[in-house]
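Protein chains in written order, with the working numbering: chain A, 1 to 244; chain B, 1 to 391; chain C, 1 to 296; chain D, 1 to 287. Down below is the structure, laid out as structure tokens.
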Amino acid sequence: MLRIEDLWVSYGHVQALLGVSLEVERGSIVSIIGSNGAGKSTLLNTISGLVKQERGRIFLTDGIGPDTAKLLPREPYRVVKLGVVQVPEGRQVFPGLTVRENLMAGAYTVNHAGRVRRNLDRMFEMYPILKERARQQAGTLSGGEQQMLAICRGLMAEPKVLLLDEPSLGLAPIIVKGVFDTVRRIRDEGITVVLVEQNANQALAIADYAYVLENGRVALEGEGRALLCDPAVKDAYLGGAQEA
Amino acid sequence: MKNGTRKWLFCAVLVALLAGFVGAASAKEILIGNMQDISGPTSVWGNAVTRGAEIAVEKINAAGGVDGAMLKLITMDTKANVQEAIKGYNSLVSSGVVAVVGPPVSNIGLALGPIANKAGVPVVGSFIDPRVTVGEDGKPQAAMFLMQPSSVQYSEIMASYTIDVLGLKKIGVLYDQSNAFAVSLMKPYVEYIKAAGGEIVSEQVYTKGDKDFKTQLTKIKEAGADCLYFPNYIQEAVLVTNQRKQIGFDVPIIGGLDFAPPFASLVNDPEAANNIYLANNFSEKEPQLKEVWDVYKAKYGENPVNKVFLGYDKILLIQEAMKLAGGTSSEHVMKGMPVVANLEGTTGVLTISPDTHQPVGLSMVMYKIEKGEYVELGRYVPEKHRAPWSK
Amino acid sequence: MLVQNILNGISLGSVYALIAVGFALIFNVLKFSNFSQGGVMTVTAYAGYVASRYLSDRLDSLVLFAAVLAAAAVSGAVIAAAVERLAFRRLRRTKSEPVYYFISSITMGILLENLITIYASSNFYSYPRFFATSAVPLFGVNVAVTDMMMFALSIAALLALLFILHRTKIGLGIRAACFDVNTVQLMGMNPDFLVTTALMISGALGGVSGVFLGMNYTLYPQLGQMVVKGFVASVLGGLGSIHGAVIGAVLLGILEIFFISWVGAGWAPVFVFIVMLAFLLVRPRGIAGIIVQEKA
Amino acid sequence: MDYFVSTVIFTGIALIGVLGVYLITGLTGLFSLGQAAFMAIGGYVSAVLIRNYNVPVVPAVALAIVAAMLAALLVGLPTVRLRRDYISLVTLGFGEAIVALLNNSANITGGAMGISGIPQLTTLPVVLVSVVVCLALVILYKNSKYGRQCLALRSDELAAKSMGIDVYRLKLITFLFAGALTGYSGVLFGFYTTYLEPAAFNWIISAEWTIIVFVGGVNSLTGTVLATILLTWLPEFLRFASEWRVAIYCVIVLLIVNYRTAGIMGERELSPKTLRRLLGRTKEAPR
């Protein structure tokens, strides 16, 4: 669904990504793990077009077969229109808009009132709490509710690929579980998911395929469960995660 | 910016600098400075004076110039700002002008006085504040000359007309407290009225940028004024005229020069532009205007405002001073200016008093605006001077 | 006298309100006070004048008035879009601090004012009269027709603005952009488009106020310096709050008229200053009491 | 020659005023839209004392500076606790109030007709010495503990607070210092033009000074000095452009602000090291 070839990104003199290549299968969950500053968020932001790469290409393979691959545009709003939608880190909902308005903002690219209404109903069905608070300002929601809202807002855009940036950050363990259940459900509905996580344990557990980023390079890759058992991964990422 | 562009810019600046210092004066030309506001709040007048002066210069040059040399006008922008004006004046002096046509802004005249006296290049302006041409010691400022009635002369004409001719005695005054022009026209007026037995029933002020005068007008109305003296700029004159009608206050307005055309057409409401008295420098029908009027109209496609003729006359004055003193240097202009007498200008017959450096005996043409139309009432000079400081 | 003062204050305030709301709108999106609005207003006032000259033979008064308003609003929107392109677009690309926008906008305002000075300052101009009567009695005092029109149209313009902001997709986008211009891109919104639209809306409001200023106060290039009052009102109202700006503007209008009436116009600025200071000390976040979240 | 001298003198006077704005805006990150009012206070107090009360020059100047500082204290005390945007509003209102006050006290200040006949005491040497002294004071301040605290305050007020900096006191001190400098520039101005009018001190002047600081580069004192010189001379070079002068000036400022956002000097100061770098390599600059 997504193919990234030799991606280089820098901020001024600091090199964030040094030749990252990866492949995301249609309808799968691909997790990207790594420590702080490994370049995970940069990778997502580059896909979304928020950050411009120095070198490298990002392809979206929409149909079947390699011929249908096309370059992702570099303006964030165009990337969204092609169905690649990011849910940003830190639950950036619009605090002064109501829950409903936040969801409607997500549906900005969908030019069909009926479909928007249907999607909205589906979100409310999935998370009744959002329906209850539909007229409330999003800033008044709890952390977990805001994360749900952020994900739902992403879904309102009818994505083909959903990019999730640290959805479990700063949430209580019980809520984290709910978030990951949601991610799985999204995949089951046929949406490809790219998940960036520090919580390597959970991220690998639900991943179909996973990459480990280290200092801006892909250090390891493999199926989620395989990496979960990899001793190097265990030492570097899982131990720390379990202690936390 | 690329390296090359930078160097290029540097060179351009250098060339501009040199050009400024070197290129100014050439042999067969007499340079005359013209300092006007052409980019600031009073640029309408600045442009008008400049155009009038240019027409005069063209006419003189077409007739062979002065002593065989052509006049050349160098215009400096003052932005109606004292600091800009001082820089501009000094710049004109260093480019070798022999006289300067000054702006119709008294504040600039006040600031220029000491500097011009020192530099010895005379300024002929329409600074109506008498302090510009007469120093605190009562002696004339050597290099400063006025070429229209001073604010004292002018407000005396207005005050005398109010009380001696129209017989109005209960007067309300409204003026811009932050504007020197308005203040200088208000004080002598009030003193004359008081000396003549009239009464100022209400004195209201506003400040620069104010747009709503209904509050002040209402107060004047309630004080029982039987006329309103309003010596201010044309923009505010329009506002006051309209708002006077809106609050149903229908006493006459005694106005300044700024009620002259195009004022009535700006009000654009014959009901409001009614019952207004004003004094203008000239009558549009007077024959001496025709030539300049026609030239202006042909050149710019619109009717000239009164400042055009002031600009024209200033050049005439400078030319006459050169003629009288028998030379074209700044010393000659300084020497000739105070002795100019009976010069036929467009705005009247000009005689400069050596004691005050102001024109003497200049009358004004009185007008009444009735239903949007200007009705000429003839030239007027008060018989008696009542204010203590009038000479 | 009291009624007259209040009515005068409200009519003055409704002009301030149109300007203040433009300030609030742009403060929301770009986090700075857009002083170029003054220049835009001046240009639109002249644009409206040109339109009125051109159309006055063809249309009768009320239609003419509407056409002039429309022409000024459109030209305001176009100029504001141009201002965005010339003075703000690059600053947004380089993610500059709001202060640079502020500097850029003040300079742009002076530039626009000067362009008008260059092209229009050889004479005075005034609008044709749109209404036959100039004042009608109301509550025992005379109320100017233009004041009433001004008041009614200010309200209409503000309602239209609220409709756009709360009932349309673009409005939702603009409101979302107030919180975070980066995040809205991830909803598929083009921030250039949203910012330009916001500026065009404020430009159109500026156009409406430009016509009112020109109509009531004759035309001159410094007309737009009235923008300062809008700035004061928008800050008093609480930065970025639309309804706060409206309340601030009306309060400022009434306050000014009352001080002019009590202590005279000469002292009014001094008293307005003291009241303003006292108010801000008591209520440091303005009338609305909320300050939109600032950029990190 | 007079032209050259007068332009240098006006540049020097403007520079001292702009240094005040530099302290407030460049160093501390606040906005003052009423700075010209302090200039008015300095100019008027000294002029009135000398003209109306025959006070000798030195005490008159000293009192003028004190008056400007008192005014700064008056505005500063309540406002330093307000948000940044409000400071620009309050200073704007203060500036307008001072102008109104000057217009209203016509028997002392001459009102709108201004005060004329002030002795011309400002000469080229006086201005040059004043500039050097003021510049030295500002450099000392910038490199002092206070200067560093100001920079901390400018980049992040909360962090500065948590570092134990008394931000209110710091803002107030900076405000006072700036008021004194600007007041002194007003003294020089009055003693040069020999004439003062309230209209010369409106908010546009204050805004222009702020623009100069940004064109120079917000943190850079060198940039501020260069920009003052550049932007006071630029209109003189542009005189050939006649009525287009101001418009061209604006376009140039716009280009600098938009295309060299960091200003002419960015955050750099002119030192032998940077000078060498500049000469050796003209093309650099993070844009």
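Even glycine gets a Cβ: it sits at the ideal position worked out from N, Cα and C. Note that the structure is predicted; figures quoted are calculated from it, not measured.
Cβ-based neighbour list, residue i, same chain, cut-off 6 Å, excluding 5 preceding and 5 following
i               : result
S283 of chain B : V365 and E376
Y141 of chain D : G147
V349 of chain B : N342
L174 of chain B : Q204, Q216 and F230
A178 of chain D : G20, L23 and I24
C-alpha gap between residue i and residue j, whole angstroms
i               : j               : result
N81 of chain B  : L112 of chain B : 11 Å
A81 of chain C  : Y101 of chain C : 15 Å
L30 of chain C  : N90 of chain B  : 44 Å
V301 of chain D : G223 of chain D : Lying before the first or after the last residue shown, residue 301 of chain D is absent from chain D, which here runs from 1 to 287.
G402 of chain B : D77 of chain B  : The displayed coordinates of chain B run from 1 to 391. Any statement about residue 402 of chain B would go beyond what the structure contains.
F259 of chain B : A71 of chain C  : 31 Å
A172 of chain A : V228 of chain C : 50 Å
Q37 of chain C  : G109 of chain C : 7 Å
Q198 of chain A : F124 of chain A : 29 Å
A182 of chain B : D176 of chain B : 6 Å
G93 of chain D  : I87 of chain D  : 10 Å
S330 of chain B : L310 of chain B : 21 Å
V165 of chain B : P149 of chain B : 20 Å
V124 of chain B : V18 of chain D  : 35 Å
A47 of chain D  : A67 of chain D  : 13 Å
Y220 of chain C : K323 of chain B : 40 Å
G244 of chain C : I201 of chain C : 18 Å
E36 of chain D  : V57 of chain B  : Looking at the sequence itself, residue 36 of chain D is Ala, so the reference to Glu does not match. Rounded to the nearest angstrom, the two C-alpha atoms are 40 Å apart.
G183 of chain D : V57 of chain D  : 15 Å
Identity of the residue in the options nearest residue i by Cα
i              : options                        : result
S11 of chain C : C:A45, C:V145, C:T44 and C:A24 : C:V145
I19 of chain C : C:S33, C:I6, C:H166 and C:L7   : C:S33
D37 of chain B : B:Q83, B:E58 and B:A62         : B:Q83
A47 of chain C : C:N28, C:V74 and C:A233        : C:V74
Residue i, DSSP secondary structure in three states
i               : result
L7 of chain A   : strand
A152 of chain C : helix
S61 of chain C  : helix
R379 of chain B : strand
V100 of chain B : strand
Q4 of chain C   : helix
L162 of chain A : strand
V272 of chain C : helix
M108 of chain C : helix
E84 of chain B  : helix
Y367 of chain B : strand
D147 of chain C : helix
A47 of chain C  : helix
Q125 of chain C : Sequence check: residue 125 of chain C is Tyr here, not Gln. If DSSP states are grouped into helix, strand and coil, Y125 of chain C belongs with the strands.
T224 of chain D : helix
V80 of chain D  : coil
Residues near residue i by beta carbon distance below 8 Å, same chain, minus five either side
i               : result
S134 of chain C : A144, V145 and T146
I106 of chain C : F35 and S36
L153 of chain D : T28, G29, A160, I165, V167, L170 and K171
Closer than 7 Å: residue i CB and nearest the ligand FAD heavy atom
i               : result
S241 of chain C : This structure lacks the ligand FAD; in fact it carries no ligand of any kind.
Proximal residues to residue i (C-beta, below 7 Å), its chain only, five neighbours per side dropped
i               : result
S41 of chain A  : E89, D165 and V196
L270 of chain D : T222
N215 of chain A : A38
S6 of chain D   : none
Every unbroken beta strand (DSSP E) inside the region 273-359 of chain B [3 residues or more]: 276-280, 343-345 and 348-350
Any alpha helix (DSSP H) of 4 or more consecutive residues that is wholly inside the region 5-93 of chain A: 40-48 and 76-81
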